[in-house]
Amino acid sequence: MPKIKKVASNTILLYIRMLFVMGVSLFTSRINIQALGLEDYGLFNIVAGIIGLVTFLNSALGTSSSRFITITLGRGDISDSKLLFSTIYKVHFLLGVIVMFIAEIIGIYLVNEVLSIPANRLFACNVIFQCSIVIMFINLINIPMTASIIAHERFNIFAYIGIYEVIAKLLSSYLLFVWLYDKLILWGVLNLLISISLCVFYLLYGYLSFIILHNNYYIRIKITQHPVYQMKVCADTPNQRKLKYKLALSNATKVSHLNILHPIELFVLSSLKIQMTYFNHFTEGSEEVL
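Here you go:
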């Protein structure tokens, strides 16, 4: 019976969040058009559209991360959950850096050379673009935190975060009416500040509430869809961990050519060589202690 009540309460919270976010977002869009004007509102949506381009990526990675974290939590193995979360967070951080790098190279050229932007609004559009890139990076590194909240069934926190975000954007929209300088730049900076506040909240809440965020030093690979290639970098001694890590790297490289990996594992493989240097340094320090 308690489980049924929990499922019902979680469902109600998510529906309330969806309806509230949808209603306030529609009202906020109207306020933004009035405050920014049609020209600046259109420029913002064109330049900041890069955030929408990676929305599908956020959704896919969030679902995958939540699935893996839920499985490890269901097994009751805290150390295993720590290793998995550590890997997922490092992968998303690396992915965010790669996406930022690509966006800086291609996006700046598009904004300054391809798009037909009035000369007097070019500086403001460049500021908006830089803010959008940072927001995109923050959204990517927030995915493991959101996945952890969902995996722990803290849907009330998930709902409160969504409600806070839309209310903060609504208040920011009203602030545009009293701002005497460039409102387009202000709107971009306010959106960036909201994203930073969400990131800080995720980090603080996750660290204080979830033990899986503590002491994440190792990296782990697991290809779940093909048992013949299952690998785990964990053992009783540092030497055994090092040998298993090298074997996992060798086998995973072979598997990557078959194009059968889940996106999470594919991103992990791209960072293995970088992590190998750190792992060797860590195990050498452990051996000296022993």
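Under the numbering used here, the first residue of the sequence shown is numbered 1, with each subsequent residue one higher. Quick reminder that beta carbons are idealized off the backbone N, C-alpha and C, glycines included.
Cα-Cα separation between residue i and residue j, rounded to whole angstroms
i    : j    : result
S173 : I31  : 6 Å
K3   : S9   : 10 Å
L140 : G52  : 12 Å
Y89  : P144 : 6 Å
I211 : V24  : 35 Å
I117 : D80  : 51 Å
L170 : R75  : 42 Å
S148 : I161 : 14 Å
T87  : E39  : 44 Å
V54  : L175 : 28 Å
I102 : N191 : 22 Å
S195 : L43  : 20 Å
F85  : F177 : 43 Å
L83  : I69  : 10 Å
V97  : S59  : 18 Å
Y41  : G49  : 12 Å
V47  : L198 : 22 Å
V200 : Q34  : 31 Å
A56  : T63  : In the sequence as displayed, the identity of residue 56 is Phe instead of Ala. Each residue's Cα considered, the two are about 11 Å apart.
Coil, strand or helix - residue i by DSSP
i    : result
H129 : It is worth fixing the name first, because residue 129 is Phe in this sequence and not His. Helix.
Y229 : Residue placement at Y229 cannot be trusted, given a pLDDT of 31 that sits under 50; what the coordinates show is reported in the next sentence. Here Y229 sits in helix by DSSP.
G77  : Looking at the sequence provided, one finds Asp at residue 77 rather than Gly. It is coil, neither helix nor strand.
H152 : coil
Y160 : helix
D182 : coil
I12  : helix
V99  : helix
A124 : helix
P118 : coil
V289 : Residue confidence is low: V289 scores 39 on pLDDT, short of 50, so the model does not pin down where it sits. No coordinate-derived value is stated.
G291 : Residue coverage of the chain in this structure runs from 1 to 290, which leaves residue 291 outside it and unanswerable.
I223 : Confidence at I223 is low in this model, with a pLDDT of 33, below 50, so the placement of that residue is unreliable and no value is reported for it.
V200 : helix
F56  : helix
G188 : helix
Cβ neighbour criterion (16 or more within 10 Å) applied to residue i
i    : result
A159 : buried
G37  : exposed
L193 : exposed
F137 : buried
V7   : exposed
L19  : exposed
S209 : exposed
T11  : exposed
Any C-beta of chain D under 7 Å from that of residue i
i   : result
N10 : Annotation note: the requested chain D is absent from the structure, which comprises a single protein chain.
Below 8 Å, can you find three or more Cβ-Cβ pairs linking the region 99–109 to the region 126–140?
-> Result yes; three or more Cβ-Cβ pairs closer than 8 Å.
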